[in-house]
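Note sheet for the following structure.
2 protein chains.
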Amino acid sequence: MARNNIEKVKTEDAVFKYIQKYISENGYAPCVREVCTQCGIKSTATAFNIINRLKERGLLEKSDVKRRAIALRSKSVSVPLIGTVAAGQPIFATENYDGFYSLPENYFAGEDLFMLTVKGSSMINIGMFENDKVVVRKQDVAENGDIIVALVDDSATVKRFFRRDGKIILHPENDEMEDFIFDDVTILGKVIGLLRNF
Amino acid sequence: MARNNIEKVKTEDAVFKYIQKYISENGYAPCVREVCTQCGIKSTATAFNIINRLKERGLLEKSDVKRRAIALRSKSVSVPLIGTVAAGQPIFATENYDGFYSLPENYFAGEDLFMLTVKGSSMINIGMFENDKVVVRKQDVAENGDIIVALVDDSATVKRFFRRDGKIILHPENDEMEDFIFDDVTILGKVIGLLRNF
DNA sequence: AAAATAAGCAAACTTATGTTTGATTTTTAA
DNA sequence: TTAAAAATCAAACATAAGTTTGCTTATTTT
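Residue numbers (the working numbering), protein chains in the order written: chain A, 1 to 198; chain B, 1001 to 1198.
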């Protein structure tokens, strides 16, 4: 064997870390020749082999037929953050997008996701604080107990949803606040996750 | 002009959505020919032009010289989730990795990040619940008031950090729990974010 | 120390893929 | 209705980038 296990892992890990960093910075994988020059490898064949070993170790994915086809196993979904909701405007118009966020696909699954910044303290009981971002799956129905985003007075609000006696109850998770009761509300989606940074 | 504005945006947006979906599923961008067949475009030149228009609209990035170089503007960082910490073992060994998560680079910045699953309810005051994932920046020092991950009795624990009278105080954010006081602790990192899914 | 095994290398090979060109069709404006 | 402008197309082009080959060097094992 050319190297003992420790050495071997070291070289491969250096390449793996480089690929990780490269993808993080560029959004796509480096080519074999870039791996060579940046990791001190002199032959493209060597880099090629190392990449294949990383693939066998399950650290990355790579197509044998396609080019430019190295991917990390941690996939992501690009999700728009909906900014301030202008009265009367369609919520999901591109103009309302306040940028895109890459969310971990293995944690926030589903189609048609969007994000919203939490305002106020109406949901502190379940640990939703001001400026947290909630991840929402777009849907126009909800079940009792769901945490939903509803359109109330031309602004998006996060509450727990109940339907009782033909009325819609939007329940804040805050002991100091009262329920809101409506005949009907527009549901924008169901909250499936939350992001915060300190 | 070939199309009115509404039509034009529609075609381009279809391509954009396709690229978004493709990247989400594969981890790398489709080639021009794949865009053609999947979006009903008959000429690679057309797809090429549309992609360039999307680039000009700022929806994606693309190198003019490199190949395989389409990227969404929402970049991500691949972060390992540290699973159960075995006594005596080095925490950051690859064997302890419980998979990787792609986090939004525009939200969780920094090098050397890792994630940890929250156990127990010692931090509920600041909205950290059981099974939440915390995002941690690796570092071995901390400032008063930081929320940190420390190694206590061979297991990683999240607490608020204080240093007072030469002692280290690990403060649970839970009114029913007492402070832990140590002469010295091993700091693994500082908590910079949190993920939850419902 | 020799044999066996693995890793690394240079160089050539192959082709997927981005790009250009020039004609054709569609849309817009006059 | 016609002319101008823009978009789309088919086809060919150029080459970046993955892969293979055969040899050399390093490491491990016996």
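Note that the Cβ used here is the ideal one computed from N, Cα and C, for glycine as well.
For A/Ala45, the nearest beta carbon of chain B is not closer than 8 Å to its own beta carbon. Here DSSP, grouped into helix, strand and coil, assigns B/Ala1045 to helix. Separation of A/Thr117 and A/Asp140 (C-alpha to C-alpha, rounded to the nearest whole angstrom) is 20 Å. Taking C-alpha positions only, B/Ile1192 is separated from B/Phe1108 by approximately 7 Å. Note on B/Ser1155: under 16 other CB atoms within 10 angstroms of its CB, so exposed under the neighbour-count rule. For A/Ala29, the C-beta contacts it makes with chain B under 9 Å involve Gly1027, Tyr1028, Arg1068, in order along the chain. Against chain A, the CB of B/Lys1075 has a partner CB under 8 Å away; the residue lies at that interface. Any Cβ of chain A closer than 8 Å to the Cβ of B/Pro1090 would place that residue at the interface, and such an atom is absent. At a C-beta separation below 8 Å, B/Gly1099 has these neighbours in chain A: Arg73, Ser74, Asn106. With respect to chain B, the C-beta atom of A/Gln20 has a partner C-beta closer than 8 Å. One alpha carbon belongs to B/Asn1026, the other to B/Asn1197, and they sit about 23 Å apart. Restricted to the region 129-176 of chain A, the beta strand (DSSP E) segments that are unbroken, complete and at least 3 residues in length are 133-138, 147-152, 155-164, 167-171, listed in chain order. Residues of the region 1181-1194 of chain B with a Cβ closer than 8 Å to any Cβ of chain A, in chain order: Val1191, Ile1192, Gly1193, Leu1194.
The region 1012-1023 of chain B and the region 1047-1059 of chain B touch, with no fewer than 3 CB-CB distances between them shorter than 8 Å. DSSP places A/Lys119 in the coil class of the three-state scheme, outside both helix and strand.
When only Cα atoms are considered, A/Leu188 and B/Leu1195 end up about 22 Å apart. Sequence-distant partners of A/Ser102 (beyond 5 residues in either direction) whose C-beta falls short of 8 Å from its own C-beta, in its chain, are Ser76, Val77, Ser78, Val79. Residues Asn144 of the same chain have their beta carbon placed closer than 7 Å to that of A/Arg163, with the five preceding and five following residues left out of the count.
Classified as buried, B/Arg1160 has 16 or more neighbouring CB atoms from the shown chains inside 10 Å of its CB.
Residue-level contact check: B/Ser1122 does not touch chain A, since none of the beta carbons of chain A fall below 8 Å from its beta carbon. Counting other Cβ atoms within 10 Å of its Cβ, B/Phe1114 reaches 16 or more and is therefore classed as buried.
Nearest neighbour of B/Arg1068 by Cα position, chosen from B/Asn1049, B/Cys1031, B/Asn1052, B/Val1035, turns out to be B/Cys1031. For B/Thr1186, the uninterrupted beta strand (DSSP E) run begins and ends at 1186-1197, by DSSP.
DSSP lists no bridge partner for A/Val65. C-alpha of A/Asn131 to C-alpha of A/Lys119: approximately 6 Å in a straight line.
In terms of Cα proximity to B/Thr1011, the closest of B/Ile1041, B/Glu1034, B/Tyr1022, B/Ser1024 is B/Ile1041.
A/Arg137 sits buried, since 16 or more C-beta atoms from the chains shown fall within 10 Å of its C-beta.
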